[in-house]
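**Student:** Counting along the sequence shown from 1, when you hit position 88 you're at 91 in this note's numbering, and nothing is skipped either side.
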Amino acid sequence: MQNLILVGGGGHCKSCIDVIEEINGYKIIGILDIKEKVGEEILGYKIIGTDDDIEKYARQCCCFLITVGQIESADLRIKLFNKIKNAGGKFATIISPRAYVSKHAKIGEGTIVMHDVLVNADAKIGKNCIINTKALIEHECTIGDNCHIAVGAVVAGQVKIDSESFVGANSTIVQCVKILKKTFIKAGSLVSK
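1. State buried or exposed for methionine 117, treating a residue as buried only when at least 16 other CB atoms are found within 10 Å of its CB.
2. Do cysteine 16 and isoleucine 45 have their C-beta atoms within less than 8 Å of each other?
3. Relative to the alpha-carbon of isoleucine 134, which residue among Val22, Gly13, Gln161 has its alpha-carbon at the smallest distance?
4. Please work out which residues of its chain come closer than 6 Å, Cβ to Cβ, to lysine 82, disregarding the five sequence neighbours upstream and downstream, and give them in chain order.
5. Tell me which same chain residues have a C-beta within less than 7 Å of the C-beta of histidine 107, skipping the five on either side of it?
6. First and last residue of the alpha helix (DSSP H) that includes valine 22?
7. Please work out which residues of its chain come closer than 6 Å, Cβ to Cβ, to phenylalanine 187, disregarding the five sequence neighbours upstream and downstream, and give them in chain order.
8. Which residue's Cα is closest to the Cα of glutamate 141: Val177, Ile57, Ser166?
9. Any idea what DSSP makes of asparagine 2, helix, strand or coil?
10. Hey, isoleucine 69 and arginine 80 are a contact pair by Cβ (cut 8 Å); roughly how many whole angstroms apart?
11. In terms of residue numbering, what span does the alpha helix (DSSP H) encompassing isoleucine 81 cover?
12. I'd like to confirm the pairing. Which residues does DSSP put opposite glycine 33 in its beta bridges?
13. Just to confirm the assignment, what range does the alpha helix (DSSP H) spanning isoleucine 26 have?
14. Just to confirm my understanding: we take lysine 189, look at its own chain, exclude 5 residues before and 5 after, and list those with CB closer than 8 Å. What are they?
15. Compare the beta carbon distance of glycine 52 and leucine 35 with 8 Å and say whether it is the shorter of the two.
16. Using only the alpha-carbon positions, how far apart do aspartate 165 and lysine 88 sit?
17. Mapping the DSSP letters down to three states, classify glutamate 75 as helix, strand or coil.
18. Under 6 Å Cβ to Cβ from lysine 30, same chain only, skipping five residues before and after it: list those, please.
19. Taking the alpha carbon of alanine 61 as the point to measure from, which residue in Lys86, Ala159, Lys127 has its own alpha carbon closest?
20. Along the chain, where does the alpha helix (DSSP H) that runs through lysine 59 open and close?
Shown next, in the form of structure tokens:
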């Protein structure tokens, strides 16, 4: 059983907790958030410190998962990821037992694959990503680091999504499309070129 520290105590944290609780192998020690929230609880887990405590928990060999959400920008998630890396921290890669991830797919460190996601053969998902509930990542897709594929999004075969991009809820990217770095795709979009 690995001790796990969650970094960020908002709504996305609650969804992450729900996934982690269904996985054997991780014990949530607590959550890091802003100073004003220390001592509060989220779904029964205490906020035990701030990101200034990352180094302390890295020395205690805890794993980390960034549980800050991402819509408009990946900047905060990147900053936290780098802070944990620089402190020598290790990242959990979380895959819901209710997700299907092909044995031929690759998932990067610090990424969470949430409930009812499907990741097909030869897909590659980078570091520090959110693959949110019911998203579909088809065969031979490449998702760069620090991306968020939102709930119900469909990414068809051989799509390439560059780093720090956001694909909105229930949007569809048709096969073989290339999405440039830091692209924002709004909910319900159809992207065909």
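Backbone N, C-alpha and C define an ideal beta-carbon position, used for all residues, glycine too. Nothing here was measured: the structure is a model prediction, and the numbers come from that model.
**Tutor:** With the structure as the only source:
1. Its Cβ being crowded by 16 or more others within 10 Å, methionine 117 is buried.
2. Result yes, Cβ atoms of cysteine 16 and isoleucine 45 sit closer than 8 Å.
3. Shortest Cα-Cα distance from isoleucine 134 to any of Val22, Gly13, Gln161 involves Val22.
4. There are no such residues.
5. Ala124, Asp125.
6. First-last of the alpha helix (DSSP H) with valine 22: 14-23.
7. Excluding positions up to five away in sequence, the list reads Phe169.
8. Closest option to glutamate 141, judged by alpha-carbon separation, among Val177, Ile57, Ser166: Val177.
9. Not covered by the structure: residue 2. The range shown for the chain is 4 to 196.
10. Between isoleucine 69 and arginine 80 the beta-carbon gap is near 5 Å, inside 8 Å, which marks them as a contact.
11. Note, isoleucine 81: alpha helix (DSSP H), 78-89.
12. The partner list for glycine 33 (beta bridge, DSSP) reads Ile8.
13. Judged by DSSP secondary structure, isoleucine 26 falls outside any alpha helix (DSSP H); it is assigned neither H nor E.
14. Apart from sequence neighbours up to five positions away, the residues of its chain that approach lysine 189 with a beta-carbon distance below 8 Å are Gly171, Ser174, ordered along the chain.
15. Yes, the Cβ-Cβ distance between glycine 52 and leucine 35 is below 8 Å.
16. When rounded, the distance between both Cα atoms is 21 Å.
17. Of the three classes helix, strand and coil, the one that applies to glutamate 75 here is coil, per DSSP.
18. The answer, listed in chain order, is Met4, Asn6.
19. Closest by alpha carbon: Lys86.
20. For lysine 59, the enclosing alpha helix (DSSP H) starts and ends at 57-62.
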